[in-house]
Amino acid sequence: MGAGKETEKQGHGSQIPYAEPPWVCGLPSPYIRDSHHQLQRAMREWVETNLIPNVSDWEKSGTLPDDLYKACAEAGILMPMAAGAKIPSEWRDSYPIIGEIKADEWDGFHDFIIHDEMMRVGGIGIPNGLIGGLTLCIPAILKHGKGAAIDRIIHDALSGKSRFSLAVTEPEAGSDVQGITTTATLSADTTHYTVNGQKKWITGGMYADFFLTLTRTADRKFTLLVIPMDSDTVTVRPMQMCGSTCAGTAFVEFDETVVPVTNRVGEDGGGFACVMSNFNHERLFISFQSLRCARMCLEDAVSYVALFAQHPPPPFPLTQCSLERKKIHTRYPARHLVRNWSHMVRRLTIPPEHPDARRKNLFPPFESSIDNVLTVTAVVRHKLAHMAREVEALQSWIETLIYQLTQLPTHTATALLAGQTAQLKAHSGIVLERVVSQAIQLLGGPGLTRGVGGRGERVERIWRDVKAITVPGGSEDILLDLSIRRAVMGFSGSGGATARRARI
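Note that our numbering numbers the sequence shown so that position 45 is 54, with each residue one more than the last.
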């Protein structure tokens, strides 16, 4: 059976325009196989059963249940999310995979789908608080960590017994890695490090059992350490953020914290390379988040316009009034106002069966249908069209990049696609900011109302989360500049020489 027919046969999902990726709606895709549909259905069912009904309550309380992470492990969500685009051979028989997907079939599109479906909760607080640390920490630990202690730490994380948080940013340095001041001093017998310093804006820190922490050693080089939370010398306190309330963002302090050398990830002084090794996947992961958030804003905007069409507002607010002519005369003594308002009240209060109701033009038709108010208004049509083209173009770019990553060896993909990945991450944030802004413009008041079950609840929550999506992983300006520098770096010939002379 051809890929197109197969996809069309298996099409499912919301009927609201643009609410789903095209392949979910049954359109053919060269990338999607049976296992992708199988994963999407299984993940959607789990999210709609275990997460979505509780989102409002968790957002209000600002915390997640303790047993939720373990439930993710049992459902087969943690291991594939930690693996990324390829599941390591040593994990394949040890942990379940949601949807009973075969480990050797797992690819970058499965990784895309599992994150995309998780993001249907609306906003990034729950996903980041639940699996953000796992996604950002475990790949680096797996790639660069060695020894029985590291193996045990990874196993506990994938089994749902312990949770991770990436601790890099600091109060004075922010995300400038070169500016961090947290120190790790190696003991004279080389058995342990003593860590001192502060980390700030640490996503998932309030839930973490371990912090994957970037430190400076005596030679000013970087060393990456797995620091356990169960120590009196580690202090964690919550931070109140404008959005992403369930993410468990924390301020962390290390005061003479002793960390065994066996908890080191990579070589002493090699921590910077370890952290950077996962940056491309982190940026791609953030692009997944931006895309689904933008798609949900578009979905809710289209849904609201359609609801407006079915239940248009009354033609004039006085339709619910029972004003009498004498009250109008008393309130508005001016003759012309009396005449106009008196006629209006007469129109609105005479029952249809009254003889005067049959007088010509007494009840002229009022064109209040949505066709004349919203959907035929060019401004609204254009807003929806521009939102849709941005979302669908971002979907296509992400799918293209994933395909390229799956077809190239890892080292080649890193060299050739790092600039594109940076540009994609920056672009996805730009798209999200535009789409959520237009969605609020269309929803009006509901889009600005925080509350349980409101029509604009998801849009309002995503609006508060926007900067928590666009800032991590590299700001827009830095990433766009990086993408061009990477593109020019390999440019050769006379054009390249001209570009270098022009200091592009």
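Glycine included, every Cβ here is placed at the ideal spot set by N, Cα and C. Only a predicted model underlies this, so the values are computations on that prediction, with no experimental measurement involved.
Checklist entry - So, using beta-carbon positions, are GLN207 and VAL261 closer together than 9 Å? => result For the purposes of this step, residue 207 is taken as the residue at position 198 of the sequence shown. For the purposes of this step, residue 261 is taken as the residue at position 252 of the sequence shown. Taking 9 Å as the Cβ cut-off, GLN207 and VAL261 qualify as a contacting pair.
Checklist entry - Is ASP309 helix, strand or coil by DSSP? => result If you number the sequence shown from 1, residue 309 lands on position 300. DSSP places ASP309 in helix when its eight states are reduced to three.
Next on the checklist: Short of 7 Å in beta carbon distance, which residues of its chain neighbour GLY156, apart from the five on each side in sequence? Order them along the chain.
Outcome noted: Here residue 156 is taken as the residue at index 147 of the sequence shown, counted from 1. So the qualifying residues of the chain are THR271.
Next on the checklist: Using 9 Å as the threshold, is the C-beta distance between VAL268 and PRO247 below it?
Outcome noted: Working through the sequence shown from its first residue, we reach residue 268 at position 259. Working through the sequence shown from its first residue, we reach residue 247 at position 238. At a Cβ-Cβ threshold of 9 Å, VAL268 and PRO247 do not count as neighbours.
Next on the checklist: Using the three-state DSSP reduction, which class does GLY278 fall into: helix, strand or coil?
Outcome noted: To locate residue 278, count along the sequence shown from 1; it is residue 269. Three-state result, GLY278: coil.
Checklist entry - Which ranges does the alpha helix (DSSP H) cover as unbroken runs of at least 4 residues, wholly within the stretch 243 to 297, from first to last along the chain? => result Counting only runs of 4 or more, we get 280 to 285.
Item to check | Alpha-carbon to alpha-carbon, THR430 and LEU410 | outcome: For the purposes of this step, residue 410 is identified with residue 401 of the sequence shown, where counting begins at 1. For the purposes of this step, residue 430 is identified with residue 421 of the sequence shown, where counting begins at 1. Looking at the two C-alpha atoms, the distance is approximately 8 Å.
Next on the checklist: For the structure I just gave you, are there three or more beta carbon pairs, one from the stretch 289 to 303 and one from the stretch 226 to 245, closer than 8 Å?
Outcome noted: No, the stretch 289 to 303 is not in contact with the stretch 226 to 245.
Checklist entry - Given ALA435, which residues of its chain have a CB within under 6 Å of its CB, disregarding the five upstream and five downstream residues? => result Reading the sequence shown from its first residue, position 426 is the one you call residue 435. Correct list, in chain order: GLU485, LEU488 and LEU489.
Item to check | 4 or more residues per run - each alpha helix (DSSP H) lying fully within the stretch 437 to 478 | outcome: Counting whole runs of 4 or more residues, the stretch 437 to 478 contains no alpha helix (DSSP H) stretch at all.
Checklist entry - Is there contact here, the stretch 81 to 96 with the stretch 116 to 125, by at least three beta-carbon pairs under 8 Å? => result Contact between the stretch 81 to 96 and the stretch 116 to 125 is present, because at least three Cβ pairs lie under 8 Å.
Item to check | Coil, strand or helix - LEU371 by DSSP | outcome: As a first step, residue 371 must be located in the sequence shown, where it is residue number 362. For LEU371, the pLDDT reaches just 43, beneath the cut-off of 50, and the residue's location in the model is therefore unreliable, although a value from the coordinates is still provided. Coil.
Checklist entry - Is there contact between the stretch 19 to 38 and the stretch 298 to 309, where contact requires at least three CB pairs shorter than 8 Å? => result As far as the Cβ criterion goes, the stretch 19 to 38 touches the stretch 298 to 309, which means the pair count is three or higher.
Checklist entry - Should THR222 go down as buried or exposed, given a rule of 16 or more other Cβ atoms within 10 Å for buried? => result Along the sequence shown, read from residue 1 onward, the residue named residue 222 stands at position 213. Answer is buried; the Cβ neighbour count reaches 16.
Checklist entry - Measuring CB to CB, does ILE106 end up less than 9 Å from PRO89? => result Taking the first residue of the sequence shown as 1, we reach residue 106 at position 97. Taking the first residue of the sequence shown as 1, we reach residue 89 at position 80. Less than 9 Å divides the Cβ of ILE106 from the Cβ of PRO89.
Checklist entry - Where does LEU417 sit, in a helix, a strand or coil, going by DSSP? => result Taking the first residue of the sequence shown as position 1, residue 417 is located at position 408. LEU417: coil per DSSP, three-state reduction.
Next on the checklist: Cutting at 6 Å between CB atoms, please list the residues of its own chain near GLN447, excluding the five before and the five after it.
Outcome noted: Looking up residue 447 in the sequence shown gives position 438. Within its own chain, the residues whose Cβ lies closer than 6 Å to the Cβ of GLN447, once the five positions on either side in sequence are excluded, are LYS392 and MET396, listed in chain order.
Checklist entry - Buried or exposed: where does VAL445 fall if 16 or more other Cβ atoms within 10 Å of its Cβ makes it buried? => result The sequence position of residue 445 within the sequence shown is 436, counting from 1. Residue burial annotation: VAL445 is buried, with at least 16 other C-beta atoms found within 10 angstroms of its C-beta.
Item to check | As assigned by DSSP and simplified to three states, the class of GLN207 | outcome: For this step, residue 207 is matched to residue 198 along the sequence shown. DSSP places GLN207 in strand when its eight states are reduced to three.
Next on the checklist: Whole angstroms are fine: how far does the CA of ALA217 sit from the CA of ARG459?
Outcome noted: Reading the sequence shown from its first residue, position 450 is the one you call residue 459. Reading the sequence shown from its first residue, position 208 is the one you call residue 217. When only Cα atoms are considered, ARG459 and ALA217 end up about 28 Å apart.
Next on the checklist: If distances are taken between C-alpha atoms only, which option among LEU426, GLU401 and LEU433 comes closest to PRO31?
Outcome noted: As a working mapping, residue 31 is identified with position 22 in the sequence shown. Comparing Cα-Cα distances from PRO31 to each of LEU426, GLU401 and LEU433, the minimum goes to GLU401.
Next on the checklist: As a quick exercise: from SER171, ARG467 and ALA227, pick the residue whose alpha carbon is nearest that of TYR313.
Outcome noted: Within the sequence shown, the letter at position 304 stands for residue 313. Answer by Cα proximity: ARG467.
Item to check | Residue interval of the alpha helix (DSSP H) (run including PRO481) | outcome: Position 472 of the sequence shown holds residue 481. For PRO481, there is no enclosing alpha helix (DSSP H), as DSSP marks it with neither H nor E.
Item to check | Euclidean distance between Cα positions of PRO74 and VAL243 | outcome: Walking along the sequence shown from the start, residue 74 turns up at place 65. Walking along the sequence shown from the start, residue 243 turns up at place 234. Roughly 23 Å separates the two Cα atoms.
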